[in-house]
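Peer 1:
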Amino acid sequence: MKQMFAAAALAVAAATPLTALSAGTVEVLQPWSRPAVAGTTGIGYMVLANHGPADALEKVESPLAARVEMHSSSMSGGVMTMRREDRVPVPAGGRTTFGPGAYHLMLIGLTRTLKAGDQAPATLSFASGAKVKVVFQVTDGRAPAPMAGMAR
Ligand SMILES: [Cu+2]
């Protein structure tokens, strides 16, 4: 009985695409980061494109950071301030941009130095239960050129 159950579980696992940890409708576009020294805070930018019903980013983890926080930025009295967010909504059929002056991820307590050309992996967990693996490409500090056809 136990063996039959294990065989059924294996069959399910084999049918699951390797690119996603679990089914989800949110696609991650152009994830990038900036150089940062070990022990300091790194940054994560990306665009979340939602091809399905409304969802929300609730948790981010990276093996390269002690913890990852989601922040929003806003101008108040000419000063840019940022605030920690527990969830970042991604509207149905819409996009949420993480970029300079907007939402961003903070990779707090980097376990190693990030240099241009490096890659910083992370896992995004959504309210829907979907988990998406993402690899932030570390640039020389500048934003990568927008992808062809990508709306801002
Ligand atoms: Cu921040």
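Residues in the sequence shown are numbered from 0 upward in steps of one, following numbering that gives the first Met the number 0. Every residue gets a Cβ at the ideal spot worked out from N, C-alpha and C, and that includes glycine. For clarity, every value in this text was computed on a predicted model and none was experimentally measured.
#1: Do M74 and ligand 3 come close, with the Cβ less than 7 angstroms from some heavy atom?
#2: On the three-state DSSP scale, how would you describe K114?
#3: Mark H50 as exposed unless 16 or more other C-beta atoms lie within 10 angstroms of its C-beta, in which case mark it buried.
#4: Check whether the region 138-146 touches the region 76-88, taking contact to mean three or more Cβ pairs, one atom from each stretch, closer than 8 angstroms.
#5: In angstroms, rounded to a whole number, what distance separates the CA positions of S127 and V27?
#6: Distance, Cα to Cα, G41 vs Y102?
#7: Can you tell me whether M81 sits near ligand 1, meaning its C-beta is under 7 angstroms from at least one heavy atom of the ligand?
#8: Leaving out five residues on either side along the sequence, give the residues of the same chain with a beta carbon under 8 angstroms from the beta carbon of G92.
#9: Between D85 and the rest of its own chain, which residues show a CB-CB distance below 8 angstroms, the 5 nearest in sequence each way excluded?
#10: Hey, V133 and L123 are a contact pair by Cβ (cut 8 angstroms); roughly how many whole angstroms apart?
#11: Could you name the residues of the same chain whose beta carbon sits closer than 8 angstroms to that of R83, not counting the 5 residues immediately before and after it, in chain order?
Peer 2: According to the data block:
#1: With respect to ligand 3, the structure shown offers nothing to examine, as its ligands consist of ligand 1.
#2: Coil at K114, not helix or strand.
#3: With fewer than 16 other Cβ atoms within 10 Å, it is exposed.
#4: The count of Cβ pairs closer than 8 angstroms, one atom from the region 138-146 and one from the region 76-88, stays below three, leaving the stretches out of contact.
#5: When the Cα atoms are used, S127 and V27 turn out to be separated by approximately 15 angstroms.
#6: The straight-line gap from Cα to Cα measures roughly 14 angstroms.
#7: Checking every heavy atom of ligand 1 against the Cβ of M81, one is found closer than 7 angstroms.
#8: The residues N49, H50 and G51, in chain order, have a CB closer than 8 angstroms to that of G92 in the same chain once the five nearest residues on each side in sequence are set aside.
#9: The residues are E57 and M69.
#10: 6 angstroms between Cβ atoms; contact.
#11: The answer, listed in chain order, is E68, M69 and H70.
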